[in-house]
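Student: Take a look at the following structure, please.
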Amino acid sequence: MTDVRHDRAPLAALENGNPFVDRHIGPAPAELARMLDVIGVGSLEELADKAVPEGIRERSLQLALPEPVSEARVLEELRELARRCRPHTEMIGLGYYETVTPPVIRRNILENPAWYTAYTPYQPEISQGRLEALLNFQTMVADLTGVPVANASMLDEATAAAEGMTLVRRAGKVKSPRFVVDADTLPQTLAVLETRAEPLGIELEVADLSTGPQGLPDGEFFGVLLAYPGASGRVRDQEEIIAEVHRRGAMAVVAADLLALTLLRPPGEMGADVVVGTTQRFGVPLGFGGPHAGYMAVRKGLERQLPGRLVGVSVDADGAQAYRLALQTREQHIRRERATSNICTAQVLLAVMASMYAVYHGPNGLRQIATRVHRMAAVLAEQLRRSGVEVAHQHFFDTVVAKVPGRAAEVVAAARREGINLRQIDADSVGISCAETTTRQHLAAVWRAFGIGDAVDVDELDAQTPDALPAELARTSEYLTHPIFNTHHSETSLLRYLRQLADKDVALDRSMIPLGSCTMKLNATAEMEPITWPEFTSLHPFAPAEDAEGLLQIVSDLEKWLAEITGYDAVSLQPNAGSQGEFAGLLAIRAYHRSRGDTGRDVCLIPASAHGTNAASAVMAGLRVVVVRCDSEGNIELDHLRELVDKHADDLAAIMITYPSTHGVYEDTVREVCGLVHDAGGQVYVDGANLNALIGLARMGKFGADVSHLNLHKTFCIPHGGGGPGVGPIGVREHLAEFLPNHPLQPAAGPETGVGPISAAPWGSASILPISWAYIRLMGADGLRRATLTAIAAANYVARRLDSYFPVLYTGQGGYVAHECILDLRPVSKSSKISVDDVAKRLADYGIHAPTMSFPVAGTLMVEPTESENLAELDRFCDAMIAIRAEIDKVASGQWPLDDNPLVNAPHTAASLAREWNHAYSREEGAYPMGTGVAKVWPPVRRIDGARGDRNLVCSCPPLEAYQS
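In this text, residue positions in the sequence shown follow the UniProt record's numbering: the first is 1, and each later residue adds one.
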């Protein structure tokens with residue numbers, strides 16, 4: 001037999017090869033060579049040498065990260081970690097309950113890239129599907145709470161309550177700093193309120209309101225938070241208390257359980273001003289605390305004070321019904337330190353799931369689920385009473401508090417041996433919460449834990465047990481009467497409805513989304529797969545930490561890896577959004593100064609170019625914002641900085657900068673900026689939104705920063721989900737580590753000396769952390785560095801190709817940008833009257849999502865192509881922009897009229913082609929600008945009338961005639 005040898009890699013290299021890096025990074029080697037040639041460099045390393053300032057480079061940097069593995073291996077490792085989690089039947093309650101996620105919702109929303117890779121719907125014409133889903137969410141919340149206006153979700157229940165507190169303070173007339181909190185409030189909610197209140201000078205007063213209005217304190221207060229039901233499970237009528245609160249000039253916030261409200265009189269009918277809570281039990285898994293969609297609804301007159309996002313109804317250019325984000329003047333980048341909140345997005349993907357849970361079950365199905373939950377609790381309590389166990393409350397919905405003097409720990413331990421987690425309230429009391437998944441077998445196991453035998457006829461007991469809800473609080477008003485909640489109850493119908501909505505949107509599964517500052521990169525399927533594994537999703541956040549050993553190992557690994565990547569000494573993963581990471585970082589700085597006796601340091605310097613959440617977060621942290629000017633190149637104006645540092649030498653707390661800058665530039669003065677602030681006794685906060693331009697090249701914690709928040713939903717591949725979930729952990733240097741967030745119900749979640757909880761859950765959105773863990777494990781140090789360099793190359797390639805058509809507004813040394821570039825449309829807009837809005841809408845006709853509009857500079861587009869897009873997609877975007885420039889030139893030359901051209905009429909729908917055509921351009925030019933041979937995205941509506949939508953605010957599901965003039 002002839003011995004034939006081929007050139008081949010050794011077996012070890014074949015075994016250890018990692019094709020994932022090549023699959024995550026879009027450009028193939030030949031494509032990258034062409035890109036570098038256009039840029040004018042010979043290699044990625046040469047590009048780094050020319051673009052990245054020498055002052056921040058760590059040339060010998062070798063990140064201490066594990067060697068990369070294949071997708072198959074990373075899933076094996078995650079399976080091993082999942083096996084180290086031991087979920088129990090969770091009957092702890094406290095706002096977290098087991099629920100059933102309908103498989104049609106899990107597969108077609110949570111596991112569907114058409115939903116999870118979408119971005120915040122800033123381009124509403126190609127976001128109609130998720131906007132309709134969010135309008136359903138708002139309608140669901142408004143109907144169930146009995147309050148007319150609800151927003152499109154909050155981060156969680158505790159932060160929603162905190163936002164409710166600050167809302168009624170803003171909107172009210174009482175000048176007192178006191179806010180009264182019902183003693184029966186969820187403990188994590190009270191703790192988050194304490195974290196939020198102190199920097200703002202709000203004085204919390206916890207009061208026992210179980211006796212009614214007489215429990216209210218003497219003197220003035222601006223608001224009160226009531227629990228309905230309470231943390232103890234108790235249900236009581238709040239109407240008299242609310243009336244007394246109003247009589248005293250204050251406002252009432254009610255934290256309410258949405259499922260209970262299918263049976264109970266809604267807070268709106270009791271006079272509540274604001275209603276907050278969570279939609280977790282509407283089909284969203286426990287997930288060790290998150291992510292879950294909180295909610296907020298307000299009475300009429302307070303809608304313009306709402307934080308977060310609000311979906312409204314308007315009409316398009318043809319008068320057809322269309323949805324959009326309303327009240328856009330509330331955006332942080334416009335109002336900055338005057339913003340009503342620092343929340344810029346929330347939990348859209350989870351809100352969509354919760355809304356579709358309501359659509360699927362409808363009002364009757366939800367009422368049936370709630371009734372079953374309540375009957376389980378009532379039967380449970382009745383057998384406890386019959387067996388001599390005292391039940392603390394006569395009236396409750398799903399939670400029973402049993403009195404067992406001196407035996408609480410024993411009962412809880414016995415329940416754990418039965419596979420059930422109960423809540424030990426104190427030495428004498430045990431809380432048991434029933435849920436959608438509770439069975440009679442669970443009841444029997446709980447009874448055994450109390451020493452009650454199995455000889456219980458549950459059906460007979462059920463027949464003899466009255467409801468535990470007060471008759472006077474029985475709900476009589478209808479809810480969810482809109483057809484959308486009474487149509488799609490079969491799986492076939494819901495499946496088609498979800499597909500219909502998804503087809504109206506442009507997500508990453510259809511197009512690149514080159515949004516500057518937002519890093520819309522590949523969310524690999526292998527990274528996403530583990531987030532629906534029951535070992536991770538079935539854990540209660542307040543269960544014993546030993547139950548979550550595998551997930552806590554993921555937390556520990558991520559903290560260590562992120563610290564290594566950023567050069568910091570410690571990391572907290574608790575903040576469940578970038579905005580919350582900003583807030584946590586600033587609280588750490590504030591606490592550090594106070595620990596040193598520097599209580600007067602309260603000035604936060606913020607460059608004029610900074611993202612608006614920076615200023616809003618600083619105000620929330622009790623700091624005064626002072627703006628630093630930027631020069632004509634977009635860099636911090638050093639002379640002005642020196643002037644401000646001198647002026648505030650005694651009261652300077654911090655500077656907040658973004659690096660690379662918000663303008664997409666590596667400022668070569670960053671070390672000098674840090675030095676000036678440090679010399680004056682201040683701390684340096686670096687916004688980590690642009691970390692995708694630094695990994696493997698430089699580390700914030702080494703070039704002068706003291707603290708940063710990171711966006712795992714940007715750099716580390718957690719998908720944006722249409723505007724959430726996100727994770728915004730913070731990294732700090734050693735001297736700030738003792739001031740990281742902590743949590744009263746999980747001591748391991750942070751230092752004892754921490755600033756308090758930022759989020760309701762100890763580890764924030766814990767169940768999606770496997771995504772970022774898998775990404776780092778798949779890429780390894782070299783892969784992450786290569787991703788950064790490729791992202792820089794992609795941005796510079798786009799900048800070079802388009803600069804002669806739309807000038808690149810800012811560049812760094814040598815004319816290079818970082819990982820994004822700003823295209824200046826102002827010159828062509830001036831000559832042609834074509835606006836940046838026109839260009840953004842026209843891109844939809846080309847099948848491409850627009851870049852970020854008019855931020856950080858009005859009249860510009862900020863483009864971030866990321867490392868995941870291949871050359872063909874980069875060229876598709878560039879070719880579209882070049883073609884649009886040619887169209888603009890036709891308008892400027894008079895070939896097309898200013899008021900009738902493809903740009904001002906964009907986008908073009910299929911329906912518009914079927915009508916009589918009287919335009920100055922052809923149907924083909926309008927709808928097929930790149931020819932009929934390319935895949936076509938059809939926007940479902942034409943341009944939406946935003947001003948009309950703000951004037952005629954409709955934010956729940958109306959019939960068309962409800963908002964037509």
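We treat Cβ as the ideally placed atom computed from N, Cα and C, and that holds for glycine. Keep in mind it's a predicted model, so treat the numbers as computed, not measured.
If Cys630 and Ser617 are in contact, beta carbons under 8 Å, what's the gap, nearest whole angstrom?
Tutor: Taking the first residue of the sequence shown as 1, we reach residue 630 at position 630. Taking the first residue of the sequence shown as 1, we reach residue 617 at position 617. The Cβ separation is near 20 Å, so there is no contact.
Student: If I'm right that Glu157 touches Gly95 with Cβ under 8 Å, what's the distance once you round it to whole angstroms?
Tutor: Taking the first residue of the sequence shown as 1, we reach residue 157 at position 157. Taking the first residue of the sequence shown as 1, we reach residue 95 at position 95. Indeed, because the Cβ distance is near 6 Å, the residues count as touching under 8 Å.
Student: Could you check if Ala161 is buried or exposed, using at least 16 other CB atoms within 10 Å of its CB as the buried criterion?
Tutor: Within the sequence shown, residue 161 is the residue found at index 161, counting from 1. Under this definition Ala161 is a buried residue.
Student: Would you tell me roughly how many angstroms separate the C-alpha atoms of Ala82 and Thr537, rounded to the nearest one?
Tutor: Numbered from 1 along the sequence shown, position 82 holds the residue referred to as residue 82. Numbered from 1 along the sequence shown, position 537 holds the residue referred to as residue 537. Using only the alpha carbons, I get a separation of about 10 Å.
Student: Tell me whether the beta-carbon of Asn523 lies closer than 8 Å to the beta-carbon of Cys717.
Tutor: Taking the sequence shown and counting its residues from 1, one reaches residue 523 at position 523. Taking the sequence shown and counting its residues from 1, one reaches residue 717 at position 717. Contact: yes.
Student: Is the beta carbon of Tyr360 closer than 8 Å to that of His488?
Tutor: In the sequence shown, the residue the question calls residue 488 occupies position 488. In the sequence shown, the residue the question calls residue 360 occupies position 360. Cβ distance < 8 Å, so His488 and Tyr360 count as in contact.
Student: Measuring alpha carbon to alpha carbon, tell me which residue in Ile888, Ala444, Pro199, Gly406 is nearest Ile420.
Tutor: Position 420 of the sequence shown holds residue 420. It is Ala444.
Student: What does Gly294 pair with, by DSSP beta-bridge criteria?
Tutor: What you label residue 294 is simply residue 294 of the sequence shown in a count that begins at 1. BP columns for Gly294 point to Met154, Thr278.
Student: Among Leu61, Ala906, Met154, which residue has its Cα nearest to the Cα of Gln138?
Tutor: Residue numbering aside, residue 138 sits at position 138 when the sequence shown is read from its first letter. Out of Leu61, Ala906, Met154, Met154 has the C-alpha closest to the C-alpha of Gln138.
Student: Run through the DSSP bridge pairs and tell me what Cys434 is partnered with.
Tutor: Locating residue 434 in the sequence shown gives position 434, where the first residue counts as 1. Looking at the DSSP assignment, Cys434 forms no beta bridge with any residue, so it has no partner.
Student: Which partner residues does Lys403 have in the DSSP bridge list?
Tutor: Here residue 403 refers to the residue found at position 403 of the sequence shown. DSSP, once it has assigned bridges, lists Glu390, Ser429 as partnering Lys403.
Student: I need the straight-line Cα distance from Ile822 to Thr662, nearest angstrom please.
Tutor: Taking the first residue of the sequence shown as 1, we reach residue 822 at position 822. Taking the first residue of the sequence shown as 1, we reach residue 662 at position 662. So the alpha carbons of these two residues sit roughly 10 Å apart.
Student: In whole angstroms, what separates the C-alpha of residue 987 from that of Ala207?
Tutor: No information on residue 987 is available, as it lies outside the stretch 1 to 965 that the chain covers here.
Student: Check the C-beta distance from Val755 over to Pro744 and give it rounded, since I have them as a contact under 8 Å.
Tutor: Within the sequence shown, numbered from 1, the residue matching residue 755 stands at position 755. Within the sequence shown, numbered from 1, the residue matching residue 744 stands at position 744. That belief does not hold up - the Cβ atoms of Val755 and Pro744 are roughly 13 Å apart, past 8 Å.
Student: May I ask you to list the residues that DSSP assigns as paired with Tyr685?
Tutor: Start at 1 with the first residue of the sequence shown, and residue 685 comes out as number 685. Answer is Met656, Val707.
Student: As an exercise, report each continuous alpha helix (DSSP H) stretch of at least 4 residues that is fully enclosed by the segment 216-279, in chain order.
Tutor: With a minimum length of 4 residues, the continuous alpha helix (DSSP H) runs that stay inside the segment 216-279 are 239-247.
Student: I need the DSSP call for Gln424, collapsed to helix, strand or coil.
Tutor: Taking the first residue of the sequence shown as 1, we reach residue 424 at position 424. Note: Gln424 maps to strand in three-state DSSP.
Student: Taking the DSSP output, what are the residues bridged to Asp316?
Tutor: For the purposes of this step, residue 316 is taken as residue 316 along the sequence shown, with counting starting at 1. Beta-bridge pairing links Asp316 to Ile944.
Student: Does the count of Cβ pairs from the segment 675-692 and the segment 61-79 closer than 8 Å reach three?
Tutor: Output reads no: the segment 61-79 does not touch the segment 675-692.
Student: Going by C-alpha distance, which of Ala227, Ile241, Val284 is nearest Pro260?
Tutor: Here residue 260 is taken as the residue at index 260 of the sequence shown, counted from 1. Note that residue 260 is Ala in the sequence shown, not Pro. If we check each option's Cα against that of Ala260, Ala227 comes out closest.
Student: Can you tell me the Cα-Cα spacing of Glu240 and Gly212, whole angstroms?
Tutor: In the sequence shown, the residue the question calls residue 240 occupies position 240. In the sequence shown, the residue the question calls residue 212 occupies position 212. Cα to Cα, the separation comes out at about 7 Å.
Student: When the Cα atoms are used, what is the spatial distance from Asp426 to Ala231?
Tutor: Taking the first residue of the sequence shown as 1, we reach residue 426 at position 426. Taking the first residue of the sequence shown as 1, we reach residue 231 at position 231. Using only the alpha carbons, I get a separation of about 14 Å.
Student: Taking all protein chains shown into account, do 16 or more other C-beta atoms lie within 10 angstroms of the C-beta of Glu163, making it buried, or fewer, making it exposed?
Tutor: Residue mapping note: residue 163 aligns to position 163 of the sequence shown, counting from 1. Glu163 should be labelled buried.
Student: Which partner residues of Ser572 appear in the DSSP bridge assignment?
Tutor: Start at 1 with the first residue of the sequence shown, and residue 572 comes out as number 572. The partner list for Ser572 (beta bridge, DSSP) reads Ile730.
Student: How is Ala322 classed by DSSP in three states: helix, strand or coil?
Tutor: In the sequence shown, residue 322 corresponds to position 322, counting from 1. Three-state DSSP puts Ala322 in a strand.
Student: Which two residues bound the contiguous beta strand (DSSP E) that contains Pro607?
Tutor: Along the sequence shown, one-based indexing puts residue 607 at 607. Counting along the chain, the beta strand (DSSP E) containing Pro607 begins and ends at 603-607.
Student: Given a threshold of 16 other Cβ atoms within 10 Å of its Cβ, counted over all protein chains shown, does Ser956 qualify as buried or as exposed?
Tutor: Here the question's residue 956 lines up with position 956 in the sequence shown. Looking at its Cβ environment, which holds 16 or more other Cβ atoms inside 10 Å, Ser956 is buried.
Student: Thinking C-beta only, is Asp237 closer than 8 Å to Ser210?
Tutor: Mapped onto the sequence shown, residue 210 falls at position 210. Mapped onto the sequence shown, residue 237 falls at position 237. Not closer than 8 Å, so no.
Student: Grab the span of the alpha helix (DSSP H) containing Thr195 for me, first residue to last.
Tutor: Here residue 195 corresponds to residue number 195 of the sequence shown, with the count starting at 1. Run containing Thr195: 187-197, per the alpha helix (DSSP H) assignment.
Student: As a quick exercise: from Ser341, Cys518, Ser922, pick the residue whose alpha carbon is nearest that of Thr159.
Tutor: To locate residue 159, count along the sequence shown from 1; it is residue 159. Of the listed residues, the one whose Cα sits closest to Thr159 is Ser341.
Student: Report the three-state DSSP secondary structure of Leu286 (helix, strand or coil).
Tutor: By 1-based counting over the sequence shown, the position of residue 286 is 286. Note: Leu286 maps to coil in three-state DSSP.
Student: To test your reading of the DSSP string, which unbroken alpha helix (DSSP H) runs of 4 or more residues are found completely within the segment 473-546?
Tutor: Here the runs fully enclosed are 491-502, 525-528, 534-537.
Student: Give me, in chain order, the residues of the same chain whose beta-carbon lies closer than 7 Å to that of Leu327; leave out the 5 immediate sequence neighbours on both sides.
Tutor: Working through the sequence shown from its first residue, we reach residue 327 at position 327. Closer than 7 Å at Cβ, skipping near neighbours: Arg304, Leu310, Asp950.
Student: Closest by CA to Ala883, which one among Gly926, Asp899, Asp900?
Tutor: Sequence index remark: in the sequence shown, residue 883 carries index 883 (1-based). Ala883 has its Cα closest to that of Gly926, out of Gly926, Asp899, Asp900.
Student: Tell me the DSSP secondary structure of Thr788 in three-state form.
Tutor: By one-based count along the sequence shown, residue 788 stands at place 788. Correct three-state label for Thr788: helix.
Student: Taking 8 Å as the threshold, find out whether the segment 112-131 comes into contact with the segment 717-731 through three or more Cβ pairs.
Tutor: A contact exists between the segment 112-131 and the segment 717-731.
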